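Structure first, then comments.
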Amino acid sequence: MKRGQISLDFLFAVTLITITMLNLVYIADSERAHSETFDTIAKLKAFSVDVRDSVVKVYAAGDGFAVRKELPIRLDSGDKVTVSLITPDSIVVNASLGGRGYTVVQRSPVPIYENSSVTLTDTKGDFGIVATYNETEGRLDVVLSP
81 MKRGQISLDF
91 LFAVTLITIT
101 MLNLVYIADS
111 ERAHSETFDT
121 IAKLKAFSVD
131 VRDSVVKVYA
141 AGDGFAVRKE
151 LPIRLDSGDK
161 VTVSLITPDS
171 IVVNASLGGR
181 GYTVVQRSPV
191 PIYENSSVTL
201 TDTKGDFGIV
211 ATYNETEGRL
221 DVVLSP
């Protein structure tokens, strides 16, 4: 072999090392994306549990009691989270974050008699949970207010 020539074995070894490194970078990037998705889902799940617990507290406190809740996730422009109370006993959090959709459903231990929902955006990140006594039906209604 003359000076300045590269052997075929050396080129083959460099190619294998390059392919291995590219695969490692791909796996690392894929795992990072999965961990970010898991983090978002975990935050939404914790938020839905907090909303469920707040609905129970408001219902237990009675007529006129209200609680303000704030979304623990920072929203970018175009992102939105919709919190819904659905009869007879469902609390649903629908989120559109970064072009991806997420849904978390919680079962409420107290009855929900009236459907209500509120949409949170990057400019409006809080909402209220209010208990009002419905005299015509003789029951306590828990609703969401903007």
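The working numbering puts the first residue of the sequence shown at 81, with every later residue one more than the last. Even for Gly, the Cβ is constructed at its ideal location relative to N, Cα and C. Since the model is a prediction, treat every value here as computed from it, not as a measurement.
Assigned secondary structure, residue i (DSSP; H/G/I helix, E/B strand, else coil)
i: R154; result: coil
i: T95; result: helix
i: I107; result: helix
i: T167; result: coil
i: F207; result: strand
i: T201; result: coil
i: Y182; result: strand
i: V138; result: helix
i: V147; result: strand
i: S115; result: helix
Own chain, CB closer than 6 Å to residue i, minus 5 neighbours either side, in chain order
i: Q186; result: S128, R132, I171
i: N174; result: T162, T183
i: S225; result: G208, V210
7 Å Cβ shell around residue i - same chain, five flanking residues per side excluded
i: I153; result: K123
Residue i - partner residues in DSSP beta bridges
i: K125; result: Partner(s): none; K125 has no beta bridge.
i: Y213; result: L220
i: T162; result: N174, T199
(request) May I ask you to verify whether the segment 100 to 112 touches the segment 147 to 156, counting CB pairs closer than 8 Å and requiring at least 3? (result) Verdict: no, contact absent.
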